[in-house]
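Q: Residue numbers (the working numbering): 76 to 231.
Handing you a structure now.
Below is the structure:
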C-alpha cells in the first residue's frame, strides 16, 4: 500500500512539474522588456522597459498578497535609480522601526515603512491600490545598486 501511494505521489509530482515547464516554454518573451538581474530569486527583479518610446529602469517585486499586481518603481536613468536605492538603504539603516516616509513615483504615492527581522533592516512598500506590501532588505538594495551600476556607462 505504501509503495502504491509513493508511486502515485511521484507520478503526480512529475506531471505537475512537466506541465509547469511546458507553460514556461510556451510563454513569449516581450521584446520591450530586457531582464537586467534578479534582486531576490524570481521574486523581485530589475528590468529595462521601453514604454511609449522611452526607456525606464524598473524595480518590480511581488507583494505578500499574491493576487496584488507586482509592486513597481520606475526610473528614467540608472543613475536616478541608484540614487533612490541609496536613499532607501540609508533610511533602512538609520531610522527607528516603524518610521515611515511617503514619496511619489510614476504618478503613485508610495509609503515606505522601516522594519527589522532577526536584526536585519528592511523596508516595506505600500500603495493605495495594494492590499499587501512589497519588501526589500538592505542586502537586496545593495544587489539592486550593483545590477544598475553596470548600466551607468551606457547612458553617458
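The C-beta atom is built at its ideal place from N, Cα and C for all residues, glycine as well.
The beta strand (DSSP E) spanning residue 191 covers which residue range?
A: Position 116 of the chain shown, counting from 1, holds the residue named residue 191. Per DSSP, the unbroken beta strand (DSSP E) holding residue 191 starts and ends at 183 to 192.
Q: Can you list, in chain order, the residues of its chain whose CB lies under 6 Å from that of residue 206, leaving out five sequence neighbours each side?
A: Counting from one through the chain shown, the residue named residue 206 turns up at place 131. Correct list, in chain order: 140 and 143.
Q: Could you have a look at residue 157 and say whether DSSP puts it in helix, strand or coil?
A: For the purposes of this step, residue 157 is taken as the residue at position 82 of the chain shown. The answer is helix: DSSP assigns residue 157 an H, G or I state.
Q: For the stretch 103 to 164, list the beta strand (DSSP E) runs that are entirely contained and at least 3 residues long, ordered along the chain.
A: Listed in chain order, the complete beta strand (DSSP E) runs (minimum 3 residues) inside the stretch 103 to 164 are 108 to 115, 119 to 126, 129 to 136 and 146 to 150.
Q: Mind reading off the beta-carbon distance from residue 217 to residue 209? Whole number of angstroms is fine, and I expect it under 8 Å.
A: Translated into positions along the chain shown, residue 217 becomes position 142. Translated into positions along the chain shown, residue 209 becomes position 134. The pair is not a contact, with the Cβ atoms about 17 Å apart (cut-off 8 Å).
Q: Looking at the structure shown, is residue 206 part of a helix, part of a strand, or coil, going by DSSP?
A: Taking the first residue of the chain shown as position 1, residue 206 is located at position 131. Three-state result, residue 206: coil.
Q: Between 133, 105 and 214, which has its C-alpha nearest residue 147's C-alpha?
A: Here residue 147 corresponds to residue number 72 of the chain shown, with the count starting at 1. Restricting attention to 133, 105 and 214, the CA atom closest to the CA of residue 147 is found in 133.
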